[in-house]
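S.K.: The sequence shown begins at 1 in UniProt numbering and counts up by one. Every residue, glycine too, gets a C-beta built ideally from N, C-alpha and C. Computed from a prediction, not measured in an experiment: that's the story for all the values here. Starting off with a structure, shown below.
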Amino acid sequence: MKISIIGAGNVGATCANDIINLNLADELVLLDVKEGVTEGKALDLWQTSSIRQFETYVYGVTDDYEATKDSDVVVITAGLPRKPGMSRDDLIEINAGIVQHATREIIKYSPDAKIVIVSNPLDVMTYASFMATNGKNPNEVFGMAGILDAARYKAFIAEELNVSPISVHAILMGGHGDTMVPLPRYTTISSVPVTELLSKEKLDTIIERTKYGGGELVKLMGTSAWYAPGAAAAQMVSAIVKNSRRLFPVSAYLQGEYGLNDLYMGVPVILGRNGIQQIIELKLNDEELELVHKSAESVKSVLEVLRQKVK
Ligand SMILES: NC(=O)c1ccc[n+]([C@@H]2O[C@H](COP(=O)([O-])OP(=O)(O)OC[C@H]3O[C@@H](n4cnc5c(N)ncnc54)[C@H](O)[C@@H]3O)[C@@H](O)[C@H]2O)c1
Ligand SMILES: O=C(O)C[C@H](O)C(=O)O
1 MKISIIGAGN VGATCANDII NLNLADELVL LDVKEGVTEG KALDLWQTSS
51 IRQFETYVYG VTDDYEATKD SDVVVITAGL PRKPGMSRDD LIEINAGIVQ
101 HATREIIKYS PDAKIVIVSN PLDVMTYASF MATNGKNPNE VFGMAGILDA
151 ARYKAFIAEE LNVSPISVHA ILMGGHGDTM VPLPRYTTIS SVPVTELLSK
201 EKLDTIIERT KYGGGELVKL MGTSAWYAPG AAAAQMVSAI VKNSRRLFPV
251 SAYLQGEYGL NDLYMGVPVI LGRNGIQQII ELKLNDEELE LVHKSAESVK
301 SVLEVLRQKV K
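Shown next, in the form of structure tokens:
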């Protein structure tokens, strides 16, 4: 198994750190445009191998895609993060160019790789990557956001109820933005519906905080988050490499599911060796479906910007 991570910044390096600790692969390549820092971060990570007892050989390269040849999984984290006052959508133009260039280079050397997009604005960058593959199976190109957003939602619920976060199970849908749709009807504390344990007011407050969870961290740190995003992307890589067929919310290409067509958006999927093995269609009620469609409209409006700016 060979894994490559494009972009060795905060999220890329954290994701690499998590992946090597899971001992999933023989080789992990970190690629970035920053000469020296990239090789240095990889060397530093490799030197943790005997301490942490992993055998994945880690090395860094400066913009040399040949080094990524025959990767099984590639994670793209390259691109600008937002600063306070910015929306993720403000990053579209610059990040689309970076993501599409990275995708073309990856496909050249690893045509069968499963591609996990992390760069923002997430759903539209995943679409941009898919476009740049020029005909790859869309089940092999998908985006990480739902695991992160659901993890934030679960952390807030665990804190409110003073229970272990491991007991909280939840699914969340929609775009990776302020219109995302946490689903209380599909949220349980070890099978106990969350609605039996938390008042509607408390849950609504948690849902609002979740929707703006990325922005809360940008405000605190002056740049966006990396520990939870890196861990979430590593969890997706693990499901692919181990073919574990876990059910996760993932930004997937929709072709009629939920009445939506030709866009990437967060939906529950089964993730395994071939990438997205299946998109799960939940039996949403009218109110939930309306929120999901509203979120899709928001993703589509950003997609329109991509279509106009990036040919
Ligand atoms: N999907 C999510 O849930 C999620 C979560 C966190 C961050 N993000 C996004 O991930 C991206 C990275 O965030 P970060 O905090 O790691 O930023 P960062 O600035 O720390 O790292 C980005 C890295 O990309 C590199 N880069 C830029 N252009 C490149 C190119 N052409 N080829 C290779 N590398 C290139 C930069 O040199 C830098 O090291 C941002 O767009 C951010 O918004 C998404
Ligand atoms: O909020 C951001 O800009 C980064 C990321 O999408 C996040 O949710 O942490």
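Could you tell me which whole beta strand (DSSP E) segments of length 3 or greater appear in the UniProt domain "Lactate/malate dehydrogenase C-terminal" (148-304)?
M.R.: As far as the UniProt domain "Lactate/malate dehydrogenase C-terminal" (148-304) is concerned, its whole beta strand (DSSP E) runs of at least 3 residues are 246-255, 261-272, 275-279.
S.K.: Which one or two residues does DSSP pair with Lys136 in a beta bridge?
M.R.: In DSSP, Lys136 forms no bridge with anything.
S.K.: Which residue wins for smallest C-alpha separation from Tyr153, given the options Ala296, Trp46, Gly214?
M.R.: Ranking Ala296, Trp46, Gly214 by Cα distance to Tyr153 puts Gly214 first.
S.K.: From Met236 to Leu263, what distance separates their C-alpha atoms?
M.R.: Each residue's alpha carbon lies about 20 Å from the other.
S.K.: Inspect the CB distances between the stretch 13-24 and the stretch 223-233 and report whether three or more fall short of 8 Å.
M.R.: In short, these stretches touch, since the Cβ pair count reaches three.
S.K.: Counting along the chain, where does the beta strand (DSSP E) carrying Asp32 start and finish?
M.R.: Note, Asp32: beta strand (DSSP E), 27-32.
S.K.: For Val74, name the three-state secondary structure that DSSP assigns.
M.R.: The answer is strand: DSSP assigns Val74 an E or B state.
S.K.: Closest to Glu55 by CA distance: which of Ser238, Leu24, Tyr109 is it?
M.R.: With distances taken between Cα atoms, Glu55 lies closest to Leu24.
S.K.: Secondary structure at Ser4, three-state DSSP: helix, strand or coil?
M.R.: It is a strand residue.
S.K.: For Tyr212 and Arg88, I'd like the C-alpha separation in whole angstroms.
M.R.: One C-alpha to the other measures close to 11 Å.
S.K.: Decide if the stretch 276-289 is in contact with the stretch 72-90; the criterion is three or more beta carbon pairs, one per stretch, under 8 Å apart.
M.R.: Taking 8 Å as the limit for Cβ pairs, the verdict is that the stretch 72-90 does not touch the stretch 276-289.
S.K.: In the DSSP assignment, the alpha helix (DSSP H) including Val118 goes from what residue to what residue?
M.R.: Element bounds for Val118: n/a, residue is neither H nor E.
S.K.: Hey, quick one: how far does the beta strand (DSSP E) through Thr56 stretch, first residue to last?
M.R.: Thr56 -> no beta strand (DSSP E), and no H or E assigned at all.
S.K.: What is the DSSP secondary structure of Thr103, counted as helix, strand or coil?
M.R.: Helix.
S.K.: The beta strand (DSSP E) that contains Gly143, what's its start and end?
M.R.: Here the beta strand (DSSP E) through Gly143 covers 141-143.
S.K.: Straight-line CA distance for Val194 to Ser301?
M.R.: Approximately 33 Å between the Cα atoms of the pair.
S.K.: Determine the contact status of Ile19 and Ile3, defining contact as a CB-CB distance below 8 Å.
M.R.: Closer than 8 Å, so yes.
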